[in-house]
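Its first residue numbered 656, the sequence shown is counted upward by one per residue in my numbering. Glycine included, every Cβ here is placed at the ideal spot set by N, Cα and C.
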Amino acid sequence: MNSVVEKIAQRAKQAPKRIVLPESDDPRVLHAAEKIVREGYCQIVLLGQPDKVRTAAISEGVDLTDIEIVDHLDNPHREECVQLLYQKRKDRGLTIDGANELLNHPVYYGGAMVGAGLADGMVAGSICPTRDTVRSAIFGVGLAEGNKTVSACSIMVTIVPEVGVDGAVIFADTGVLPRPTVEQLSDIAVASACSCRVLLDTEPLVAMLSYSTKGSAAGREVDRIIDATELAKKKAPDLKIDGELQLDAAIVPAVAQRKAPNSEVAGRANTLIFPDLNAGNIGYKLVERLGKATALGPLLQGLAKPVNDLSRGCSVEDIVLISAITSLQAAGA
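So this is what it looks like as structure tokens:
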């Protein structure tokens, strides 16, 4: 296990939170739940009809000792979750009947559980599409105070130990917004700084990336990055953030000395904010595939409580690790 991943796992054990896994129909989720509880990363709640879940577990050779099973269709807290979802979404046209119907879907019920304080976080997506995981989070949990944007970050564990924290760097947005506005970019920067602080256990140094460094080029796209940087500073006055910076100026000290000598971030950045999803997604996959980095995520951020999305091709180990990360996020929220 990578040292950065080991640290995340060990820190999750220190304050294990209550994490709901709504997709108990997936054998990978059952195996992951058993391992999570055995390792002590977090407490697990599975959603589904208890008899059906236990039968599936026996068939898979999974021990569900110390794992709670909640029937999302029939339990004492269902009406509470219906009312919560209705109150949060009635201004957008959701009716009581609509809320009740939506909560027949386990992922939406899981989101409502987190919003109601019945769980500390949720991990979903091994079966359901990303849009349902994100919608369940927005509907049931809502956004963090002062934030208007849901985005995603990835922890990139690189083979360059001098960068970030033992080679680990936060990339964002890597999964949600195709073309963020100036305000959304500023929200992404502030949320990513929080992710860096919680997940890498270090002070965030945020670089707003561009094809220009400190006026080396000009144009509307450069202005967008500069404006987003200034807005992020207003939202989080104590945050160490700088932009516009090219990637090399952000992470290579010698380049930073030439291009941005007065910056407290340049050359030392551990949190990289890309100008749009094209750049963010391509960037993290380039570093992963050609730079032999390990990518953890994308992880949702900007929510009042943590909800994370899985790839439908995820492994049992992926579910275990993302659940540990979600528990850690919940402890740091």
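Item to check | For leucine 965 and valine 725, believed in contact at Cβ under 8 Å, the rounded distance | outcome: Not a contact, Cβ separation roughly 19 Å.
Item to check | Span separating the alpha-carbon of alanine 774 from that of isoleucine 782 | outcome: 20 Å
Item to check | Whole-angstrom distance between glycine 703 and serine 679, CA atom to CA atom | outcome: 6 Å
Next on the checklist: Cutting at 8 Å between CB atoms, please list the residues of its own chain near aspartate 882, excluding the five before and the five after it.
Outcome noted: Val837
Checklist entry - What does asparagine 963 pair with, by DSSP beta-bridge criteria? => result Per the DSSP secondary-structure output, asparagine 963 pairs in a beta bridge with Val778.
Checklist entry - Expressed to the nearest angstrom, what Euclidean distance is found between the alpha-carbon atoms of glutamate 899 and glycine 766? => result 37 Å
Next on the checklist: Once DSSP output is grouped into helix, strand and coil, what is the label at threonine 908?
Outcome noted: It should be noted that the sequence gives proline, not threonine, for residue 908. Residue state, collapsed to three classes: helix.
Next on the checklist: Which of the three DSSP states is assigned to aspartate 882 in this structure?
Outcome noted: Under the three-state reduction of DSSP output, aspartate 882 falls in the helix class.
Item to check | Contiguous alpha helix (DSSP H) assignments of at least 4 residues, all confined to the region 802-868 | outcome: 837-854
Checklist entry - Can you tell me whether proline 892 is buried or exposed, with buried defined as 16 or more other CB within 10 angstroms of its CB? => result exposed
Checklist entry - Short check: CB of serine 850 to CB of alanine 827, under 9 Å? => result For serine 850 and alanine 827, yes; Cβs fall inside 9 Å.
Checklist entry - By Cβ distance, which residues of its chain are closer than 6 Å to lysine 869, with the 5 residues on each side in sequence left out? => result Ala915
Next on the checklist: What does the alpha-carbon distance come out to for the pair arginine 693 and valine 717?
Outcome noted: 12 Å
Checklist entry - Taking C-beta to C-beta, are methionine 811 and glutamate 661 nearer than 9 Å? => result For methionine 811 and glutamate 661, no; Cβs fall outside 9 Å.
Checklist entry - Thinking C-beta only, is glycine 952 closer than 9 Å to asparagine 963? => result Cβ distance < 9 Å, so asparagine 963 and glycine 952 count as in contact.
Next on the checklist: I'd like to know whether the C-beta atoms of arginine 967 and proline 784 end up nearer to each other than 9 Å.
Outcome noted: Yes. Within cutoff.
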